[in-house]
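Only one structure is covered here, and it is reproduced in the block below.
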Amino acid sequence: MPLLDIRNLTIELNTPHGRVKAVERVSLTINPGEIHGLVGESGSGRSLLARAILGIPGHNWTIQADRMMWEGQNLMDMTSKERRALMGSEMAMIFQDPISSLDPTISVGVQIIEAMPENRTLPWWKREKDKRVKAQQWLHKVGVKDAQKVMGSYPWELSDGECQKVMIAIAVANQPKLLIADEPTNSMEVRTQAQIFRLLSKLNQLQNVSILLISHELETLSQWCDRLSVMYSGQIMESGPTSELIAQPYHPYTKALLDNIPDYSNPEHHKTMMNTLPGSAPALQHLPIGCRLGPRCPQAQKLCVNQPNLCHQKDRYFACHFPYHNEPCNDESLTKS
Ligand code: SF4
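Numbering-wise (the working numbering), the sequence shown opens with residue 9 and increments by one.
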């Protein structure tokens with residue numbers, strides 16, 4: 009049974025310019041022990057999707073879904089109290105903006121200890137000390153140099169990078185079943201980024217923690233994830249096992265992302281233009297008719313004024329009338345997303 013199984017999730021936002029569909033008919037499945045990468049540029053709806061999974065919607069959101077199953081239970085049927093309990097115990101998130109996600113009035117050490125489960129095998133008078141030692145160990149594992157000093161510091165006394173590491177320590181100390189990491193290495197130097205990804209990978213392997221890793225860097229995600237889903241303008245464009253998707257992308261947007269990765273074995277000349285799609289992602293109030301990638305797509309044809317359905321072939325999903333390396337879905341085989 010999948011850990012998380014979402015079908016046709018749509019998030020509408022009430023904005024001063026009217027109602028917009030920020031996420032439309034998104035389906036996502038995460039299996040136990042899987043690292044699932046969600047790649048897409050800013051504004052593609054990745055973070056909204058993560059917040060909808062956790063049950064922390066904004067005040068102007070309307071969420072609809074055919075189903076959002078968590079270990080066989082429909083999250084849509086749960087009360088907000090039940091959702092909060094789930095978030096505190098089985099799901100955790102590393103937010104993009106660590107400073108505003110930490111409580112500035114409570115020291116870092118206390119915030120980590122609050123998130124940790126109790127070791128009930130110990131007598132009660134030893135549990136607090138045990139938590140304190142483990143909190144310090146987690147800080148050390150995520151790359152905080154002076155863990156003891158940071159334990160007693162307040163978030164506003166720390167740099168962005170240190171706050172990010174504290175956020176990660178809080179999330180992993182909770183020992184969740186699903187960890188959602190939204191750009192977890194933002195504002196970190198390259199060496200620490202590698203250290204964080206290694207830590208997440210180790211958590212996944214040793215404690216079977218499933219991870220939804222959200223980033224705009226396809227290259228990084230492809231190194232760490234078992235499966236990838238590619239999002240553009242609020243919709244899933246393509247999804248599949250990482251190795252297959254990288255070797256043979258079906259969707260023009262996935263191919264464009266791959267073409268955009270610099271070839272380090274063959275250095276380009278100074279000021280060489282990189283391969284990019286023309287134009288930019290559409291504003292949600294002005295979405296094109298039909299396929300959302302249409303105005304930027306090198307493969308676009310007349311048929312693309314009709315929105316493509318999500319097509320399912322073996323272990324791969326893609327939403328395109330004219331995929332690369334593959335036949336388009338005929339109407340009978342279309343899987344309505
Ligand atoms: S449906 Fe058409 S416009 Fe959309 S990605 Fe495929 S070829 Fe491009």
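Yeah, the Cβ is synthetic: ideal placement off N, Cα and C, and Gly gets one too.
For A73, is the classification buried or exposed, using 16 other Cβ atoms within 10 angstroms of its Cβ as the cut-off for buried? Buried, since its Cβ has 16 or more Cβ neighbours within 10 Å.
DSSP state of P270 mapped onto helix, strand, coil: Of the three classes helix, strand and coil, the one that applies to P270 here is coil, per DSSP.
Roughly how many angstroms lie between the CA atoms of L166 and P260, to the nearest whole one? Going from the Cα of L166 to the Cα of P260 covers about 42 Å.
Cβ-heavy atom distance, F103 to ligand 1, below 7 Å: No, the Cβ of F103 stays beyond 7 Å of every heavy atom of ligand 1.
First and last residue of the uninterrupted alpha helix (DSSP H) at N212: Taken as a continuous stretch (DSSP letters only), the alpha helix (DSSP H) holding N212 covers 198 to 215.
I need the DSSP call for M77, collapsed to helix, strand or coil. Of the three classes helix, strand and coil, the one that applies to M77 here is strand, per DSSP.
Own chain residues within Cβ distance below 6 Å of G298, not counting five before or after: Contacts found: C312, V313, N314, Q315.
Less than 8 Å between the beta carbons of V198 and E170, yes or no? Not a contact, by the Cβ cut-off of 8 Å.
From M76 to K139, what distance separates their C-alpha atoms? K139 has its alpha-carbon roughly 34 Å from the corresponding atom of M76.
Opening and closing residue of the alpha helix (DSSP H) in which W132 lies: First-last of the alpha helix (DSSP H) with W132: 132 to 149.
For W310, count neighbouring C-beta atoms within 10 Å of its own C-beta (all shown protein chains included) and say buried if the count is 16 or more, exposed if not. According to the sequence displayed, residue 310 carries Lys and not Trp. With fewer than 16 other Cβ atoms inside 10 Å of its own Cβ, K310 counts as exposed.
Option nearest K322 by Cα separation, candidates M282, E252, E276, L214: Nearest C-alpha to K322: E252.
Going straight from the alpha carbon of Q104 to that of E191, what length do you get? Approximately 6 Å between the Cα atoms of the pair.
Span separating the alpha-carbon of D271 from that of E225: In a straight line, the C-alpha of D271 is about 15 Å away from that of E225.
With distances taken between CB atoms, is the gap from R33 to N22 smaller than 8 Å? A distance of 8 Å or more separates the beta carbons of R33 and N22.
Can you name, in chain order, every residue of its own chain whose Cβ lies under 8 Å from the Cβ of N82, other than the five neighbours on each side? Around N82: R75, M76.
Go through the residues and name those whose CB comes closer than 5 Å to any heavy atom of ligand 1, in chain order. With the cut-off at 5 Å, the residues found are P260, C299, L301, G302, C305, Q307, A308, C312, P316, C328, H329, F330.
Threshold first: 3 residues or longer. Then list the beta strand (DSSP E) segments lying entirely within the stretch 271 to 304, N to C. Contiguous beta strand (DSSP E) elements confined to the stretch 271 to 304 do not occur, taking only those with 3 or more residues.
Could you work out which residue in M124, K149, H148 is closest to K137 when comparing CA atoms only? Among M124, K149, H148, the Cα nearest to that of K137 belongs to M124.
Could you check if P112 is buried or exposed, using at least 16 other CB atoms within 10 Å of its CB as the buried criterion? Its Cβ having fewer than 16 others within 10 Å, P112 is exposed.
Considering only the alpha carbon of each residue, which of G48, K89, S115 lies closest to I64? Nearest C-alpha to I64: K89.
Rounded to whole angstroms, what's the CA-CA distance from P24 to K149? Just pull it up for me. Taking the straight line joining both Cα atoms gives about 45 Å.
Just the C-alpha distance for F330 and L220, rounded to the nearest angstrom, thanks. Distance between F330 and L220, taken at the CA atoms: about 29 Å.
Going straight from the alpha carbon of E340 to that of H320, what length do you get? Because E340 carries a pLDDT of 45, less than 50, the predicted location of this residue cannot be relied on, and no value is offered for it.
Bridge-paired residues (DSSP) for Y325: S247, H320, per the DSSP bridge assignment.
Give the DSSP-derived three-state secondary structure of V31 in the structure shown. In the structure shown, V31 sits in a strand (DSSP, three-state: E or B).
Expected contact under 8 Å - CB spacing of D222 and A93 to nearest Å: The amino acid at residue 222 is misidentified as Asp; the sequence shows Ile. About 24 Å separates the two Cβ atoms, so there is no contact after all.
Residues bridged to V238 [DSSP beta-bridge criterion]: Under DSSP, V238 takes part in a beta bridge, and its partners are V47, E246.
Let me know the secondary structure DSSP gives I14 once reduced to three states. Three-state result, I14: strand.
Leaving out five residues on either side along the sequence, give the residues of the same chain with a beta carbon under 6 Å from the beta carbon of A264. These residues qualify, in order along the chain: L285.
G248 to L11, Cα distance in whole Å? Distance between the alpha carbons of G248 and L11: 17 Å.
Please report how far the alpha carbon of S288 lies from the alpha carbon of M84, in whole angstroms. Going from the Cα of S288 to the Cα of M84 covers about 34 Å.
How would you label G242, buried or exposed, when you count the other beta carbons within 10 angstroms and need 16 or more for buried? That one is buried.
Rounding to the nearest angstrom, what Cα-Cα distance links I296 and L214 in this structure? Rather than Ile, the amino acid found at residue 296 in this sequence is Pro. A direct Cα-to-Cα measurement between P296 and L214 gives close to 45 Å.
Thinking C-alpha only, which one of N212, M175, H277 is nearest H44? For H44, the closest alpha carbon among the candidates N212, M175, H277 is that of N212.
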